[in-house]
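Converting from the sequence shown to the working numbering requires adding 119 to each position, the first position being numbered 1.
Backbone N, C-alpha and C fix where the C-beta goes; we use that ideal spot for every residue, glycine too.
Notes to accompany the following structure.
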Amino acid sequence: MNFAVFCSGQGTNLQAIIDAAKKNRIKAKLALVVCDNPKAYALKRARRAGIETAIVDPKRFPAREKLEAEIIRNLNKKGIKLIALAGFMRVLSDRFVRKYRNRILNIHPALLPSFKGAHAIRDALRYGVKVTGPTVHFVTEDVDGGPIILQEACGIKEDDNEKSLLARVHKLEHSIYPKAIDLFARGNLRVAGRRVIIK
Ligand code: GRF
């Protein structure tokens with residue numbers, strides 16, 4: 120099964136996925152990296168690993184519809200069956216999400232449904248929760264609201280700042296995201312309403 124990773128920035132999750140795939144820990148082929156930022160470091164990681172990239176620059180495709188059409192063209196070319204969003208900084212249209220229903224995963228740096236949105240690490244720190252951690256979930260039209268596949272928790276220390284907490288959450292992300300992709304690839308995930316049953 121071919122899958123694609125979508126990213127916009129650093130691509131540390133992409134790297135974890137590349138490394139896991141290399142060690143045969145993911146029963147699928149990472150066939151494409153889609154990136155909406157031509158300057159993203161993630162692109163370097165992809166090229167270094169010899170993975171094909173598709174850059175969908177919003178400057179070239181200012182209308183979301185056109186940008187998504189370009190993405191779909193690339194996905195079709197590679198026969199992509201699963202999409203893993205990893206720091207992809209744009210919201211996909213309802214139409215796109217419906218087209219790939221239950222075939223788009225996302226990783227979020229908080230224990231959903233807490234701290235949805237783009238500043239989950241900062242929000243968790245400010246709120247003062249004692250425990251946080253990443254969530255891998257299916258993407259639905261409800262942003263950060265889809266059925267949850269895996270979560271992992273870590274404590275928040277009194278002297279934590281955004282940088283130290285991000286480092287701890289990232290470490291967990293890099294372990295659960297490849298696992299979730301592998302579970303999907305093996306056909307071991309079943310969505311039952313809001314719940315995901317892991318076989
Ligand atoms: C991760 O923290 C992920 O949870 C969020 O975006 C960040 C991407 O980081 N969705 P990276 O580009 O994988 O380093």
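Item checked: Residue closest to K141, alpha-carbon to alpha-carbon, out of I190, A168, R192 and C273 -> Taking the first residue of the sequence shown as position 1, residue 141 is located at position 22. The shortest Cα separation from K141 among I190, A168, R192 and C273 belongs to A168.
Next item on the list: Kindly identify the DSSP beta-bridge partner or partners of T172.
Entry: Numbered from its first residue, the sequence shown carries residue 172 at position 53. Bridge partners of T172: V152.
Note to self: I'd like the list of long-range same chain contacts for V310, defined as Cβ closer than 6 Å, with 5 residues on each side in sequence excluded.
What the structure shows: Residue numbering aside, residue 310 sits at position 191 when the sequence shown is read from its first letter. Cβ within range, chain order: N221 and P266.
Margin query: Could you check if I226 belongs to the surroundings of ligand 1, using beta carbon to heavy atom distance under 7 Å?
Written below: Within the sequence shown, numbered from 1, the residue matching residue 226 stands at position 107. Checking every heavy atom of ligand 1 against the Cβ of I226, one is found closer than 7 Å.
Checklist line | Stretch-stretch touch, CB-based, cutoff 8 Å, three pairs: the region 167-181 with the region 141-157 | finding: yes
Notebook entry, point to check: If we ignore side chains and look at the alpha-carbon of each, how far apart do N225 and V248 end up?
Noted result: The sequence position of residue 225 within the sequence shown is 106, counting from 1. The sequence position of residue 248 within the sequence shown is 129, counting from 1. Cα to Cα, the separation comes out at about 23 Å.
Margin query: Considering only their Cβ atoms, is the gap separating I240 from E281 smaller than 8 Å?
Written below: Walking along the sequence shown from the start, residue 281 turns up at place 162. Walking along the sequence shown from the start, residue 240 turns up at place 121. Contact: yes.
Check: Excluding the five sequence neighbours on either side, which residues of its own chain have a C-beta within less than 7 Å of the C-beta of L291, listed in chain order?
Finding: Numbered from 1 along the sequence shown, position 172 holds the residue referred to as residue 291. Cβ neighbours of L291 beyond the five flanking positions: G252, P253, E271 and C273.
Next item on the list: Might you give, ordered along the chain, the residues of its own chain that have their beta carbon closer than 6 Å to the beta carbon of N156, omitting 5 neighbours on each side?
Entry: The count along the sequence shown starts at 1 and reaches residue 156 at position 37. Within the same chain, N156 has close Cβ partners S127.
Check: In terms of residues, what are the limits of the alpha helix (DSSP H) holding F125?
Finding: Start at 1 with the first residue of the sequence shown, and residue 125 comes out as number 6. No alpha helix (DSSP H) holds F125; the beta strand (DSSP E) holding it covers N121 to C126.
Next item on the list: Apply the 10 Å Cβ neighbour rule to N143 and answer buried if 16 or more other Cβ atoms are within range, or exposed otherwise.
Entry: Locating residue 143 in the sequence shown gives position 24, counting from the first residue. So N143 ends up on the exposed side.
Next item on the list: Check each candidate in V216, Y296 and L186 and name the one with the smallest Cα separation from V258.
Entry: Locating residue 258 in the sequence shown gives position 139, where the first residue counts as 1. Minimum Cα distance to V258 is reached at V216.
Next item on the list: Grab me the residues of L162's own chain with a C-beta within less than 6 Å of its C-beta, minus the 5 sequence neighbours each way, in chain order.
Entry: Looking up residue 162 in the sequence shown gives position 43. Excluding sequence neighbours, L162 sits near C154 and T172.
Notebook entry, point to check: Between R164 and L133, is the Cβ-Cβ spacing less than 8 Å?
Noted result: The residue given as residue 164 occupies position 45 in the sequence shown. The residue given as residue 133 occupies position 14 in the sequence shown. Yes; because the gap between Cβ atoms is below 8 Å, this pair is in contact.
Note to self: To the nearest angstrom, how far is the alpha carbon of A299 from that of V255?
What the structure shows: Here residue 299 is taken as the residue at index 180 of the sequence shown, counted from 1. Here residue 255 is taken as the residue at index 136 of the sequence shown, counted from 1. Their backbone Cα atoms lie some 7 Å apart in a straight line.
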